[in-house]
Amino acid sequence: MRILSGVQSSGKLHIGNYYGAIRQFVQFQDTADAYYFIANYHSLNEVREPKRALELTREAAMAYLALGLDPKKAVLFRQSDVKEVLELNWLLGVVAPVAHLERAHSYKDKVAQGKSPDFGLFAYPVLMAADILLYSADAVPVGKDQIQHIEFARDWAVKFNMQYVPGYDPADPDGKEKGHAPGILKLPSAYIQSSTQTVPGIDGRKMSKSYGNTIDLFGDEKELKKRIMSIKTDSTPVEAPKPVPGAEAKETSEAPEGTQPGEGALVSKVPLYDLLKVMLPEADFRDVDASWRAGGKGYGDYKKRLLEAFHATFGPARQRYAELSADPGELERILHDGANRAREEASRLMEKVRRAVGIP
Ligand code: TYM
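Residue numbers for the sequence shown follow the UniProt record's numbering, so the first one is 1 and each next one is one higher.
What follows is the structure in structure tokens.
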């Protein structure tokens, strides 16, 4: 099974990125054929300062390694090192309906936040589909906010195959039944970990760089403490949390039901409780849950507990991150090797794609 995913290098990585995606990346590298990249072309929609763009790309790569991705097990590379992605981006653009792009949640949210509706932002899902389809991914581990993008990738792959592969039948996309041809572009599925599909930020909205409500993985200690201590709580004494819709959903490898929360929607009424649930080992969380329901402690105690959990979980990764910062040559070697492996795969697919569409 081929697994592929990426993160944008548009800012500091946060615990939403880890629990929603990167933790699953680490798990899959032991059992699957895994490809993970840094979406540094995508990040140019946000980062327009070249030095910063380079720095953030390097930081994202260091974060991957520090959090446990192993270049011997997975292919780690920069999106921009495999230029074939730009070619496939165009060829998918040829079949991608504007109506799909117009209803893309991420585009609408960003524009509602006041971002300029530039073409790069509008066409973001096309490049993302190219990222996925170029490597014939079966499953894409992501947080819930990316589901729609993966659905688009599937739709456009079907449309491409129907257009260009004689004998292709969307009901038999791999051509396993007699008489049908397999698609050139493989149909990917989202892999979502339900328990962490939307990690709340310190204000209860989805944790996101663009809301300024993140707990960063590799930020400085003082800021980390400040962020955790400012997690939104009521001034009333600690009470049992109200159930949050969807929070109890079972783990699944399929995209869960339900619609995308609108711009700025609350995803957690009690973010401190939900963050403890995300971060603590199950047995520890059961104790915290019991004490929370008994109303035994104040919010400050639970915030300290969360800070401790953060250090217990990410302390070693933060240490490795600091070590990696001191050896930029090693990082470059890893990315260079990953790019070569990714390019080999990409050029194989692109040969078929070019032949199919009539590009010499
Ligand atoms: P990005 O950089 O915004 O986020 C990286 C991953 O982190 C997940 N995530 C979250 N999960 C749960 N709760 C949160 N609060 C939270 N915030 C972020 C995201 O769902 C994502 O999985 N478009 C992608 C990057 C990309 C990509 C791709 C991913 C480009 N091409 C191809 C997969 C395949 C993005 O913006 O991720």
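Don't be surprised by glycine CBs; every beta carbon is placed ideally from N, CA and C.
Cβ-heavy atom distance, residue i to the ligand TYM, below 7 Å
| i | result |
| --- | --- |
| Ala-39 | yes |
| His-100 | no |
| Thr-31 | no |
| Gln-27 | no |
| Asp-203 | no |
| Gln-197 | yes |
| His-105 | no |
| His-149 | yes |
| Met-350 | no |
| Met-62 | no |
| Ser-194 | no |
| Val-140 | yes |
| Tyr-164 | no |
| Ile-3 | no |
| Val-82 | no |
| Ile-231 | no |
| Gly-146 | Checking the sequence shown, residue 146 turns out to be Gln, not Gly. Gln-146 Cβ: within cutoff of the ligand TYM. |
| Ser-210 | no |
| Tyr-19 | yes |
| Val-270 | no |
| Ile-132 | yes |
| Val-126 | no |
| Met-207 | yes |
| Val-7 | yes |
| Gly-16 | yes |
| Gly-93 | no |
| Gly-120 | no |
| His-42 | yes |
| Gly-219 | no |
| Gly-179 | no |
Option in the options with minimal Cα separation from residue i
| i | options | result |
| --- | --- | --- |
| Leu-185 | Leu-272, Gly-6, His-14, Met-350 | Met-350 |
| Tyr-302 | Leu-324, Tyr-273, Phe-314, Ala-283 | Tyr-273 |
| Leu-217 | Val-82, Lys-12, Gln-8 | Lys-12 |
| Arg-2 | Val-140, His-180, Leu-275, Ser-268 | Val-140 |
| Lys-83 | Lys-352, Gly-358, Ile-359, Ala-342 | Ala-342 |
| Gly-20 | Ala-53, Thr-233, Met-207, Gly-329 | Met-207 |
| His-352 | Phe-25, Glu-221, Ser-136 | For the record, residue 352 in the displayed sequence is Lys; it is not His. Nearest option by C-alpha distance: Ser-136. |
| Glu-55 | Ser-325, Val-357, Pro-360, Gly-358 | Ser-325 |
| Ala-34 | Glu-49, Gly-6, Arg-52 | Gly-6 |
| Tyr-124 | Leu-275, Asp-145, Ile-147, Asn-45 | Asn-45 |
| Arg-354 | Arg-305, Asn-161, His-336 | Asn-161 |
| Val-142 | Arg-154, Gln-113, Tyr-18 | Tyr-18 |
| Leu-280 | Asp-234, Arg-154, Phe-310 | Phe-310 |
| Ile-132 | Gly-120, Ser-116, Glu-151, Gly-114 | Glu-151 |
| Ala-60 | Gln-146, Thr-233, Asn-40, Leu-275 | Asn-40 |
| Asp-81 | Arg-52, Ala-96, Glu-344 | Glu-344 |
| Phe-28 | Glu-49, Leu-4, Val-47 | Leu-4 |
| residue 378 | Lys-209, Ile-38, Arg-58, Phe-37 | In the structure as shown, the chain begins at 1 and stops at 360. Residue 378 is therefore absent and cannot be evaluated. |
| Val-26 | Ser-10, Trp-292, Gly-68, Leu-335 | Gly-68 |
| Tyr-36 | Ala-356, Lys-73, Lys-176 | Lys-73 |
| Arg-52 | Gln-79, Leu-88, Asn-89, Ser-9 | Ser-9 |
Residue burial classification, residue i (beta-carbon count within 10 angstroms, cutoff 16)
| i | result |
| --- | --- |
| Gln-193 | buried |
| Lys-277 | buried |
| Gly-16 | buried |
| His-149 | buried |
| Ala-339 | buried |
| Ala-63 | buried |
| Ile-215 | buried |
| Ile-22 | buried |
| Gly-212 | exposed |
| His-14 | buried |
| Asp-109 | buried |
| His-42 | buried |
| Ala-247 | In this prediction, Ala-247 scores a pLDDT of 42, lower than 50, which makes its location untrustworthy; the coordinate-derived value is nonetheless stated afterwards. When all chains shown are included, Ala-247 counts as buried. |
| Pro-245 | Reliability of the predicted coordinates at Pro-245 is poor, the pLDDT of 44 falling under 50, and the value obtained from them is presented with this limitation in mind. That one is exposed. |
| Ala-190 | buried |
| Lys-144 | buried |
| Val-94 | exposed |
| Gly-201 | buried |
| Ile-359 | exposed |
| Glu-257 | Here the model assigns Glu-257 a pLDDT of 42, short of 50, so the residue's position is not dependable, and the following value carries that caveat. With fewer than 16 Cβ atoms within 10 Å of its Cβ, Glu-257 is classed as exposed. |
| Trp-156 | buried |
| Thr-259 | Only weak support is given to the placement of Thr-259: the predicted model assigns it a pLDDT of 44, under 50, and the question is left unresolved by the model. |
Contact test: residue i Cβ vs the ligand COA heavy atom, cutoff 7 Å
| i | result |
| --- | --- |
| Gly-264 | Within the structure as shown, the ligand COA is missing, the only ligands being the ligand TYM. |
Inter-residue CB distance, residue i and residue j (contact presumed, cutoff 8 Å)
| i | j | result |
| --- | --- | --- |
| Ala-130 | Val-85 | 5 Å |
| Ile-228 | Leu-307 | 5 Å |
| Ala-66 | Arg-333 | Between Arg-333 and Ala-66 the Cβ distance is about 16 Å, and since that is not below 8 Å, they are no contact. |
| Leu-134 | Ala-346 | 5 Å |
| His-180 | Tyr-168 | 7 Å |
| Lys-269 | Gly-204 | 7 Å |
| Tyr-107 | Phe-119 | About 11 Å; that fails the 8 Å criterion. |
| Ala-153 | Pro-182 | Their Cβ separation, rounded to whole angstroms, is 17 Å, which puts Ala-153 and Pro-182 out of contact at 8 Å. |
Test: residue i CB closer than 8 Å to a CB of chain D
| i | result |
| --- | --- |
| Asp-169 | Among the protein chains of the structure shown there is no chain D, as only one such chain exists. |
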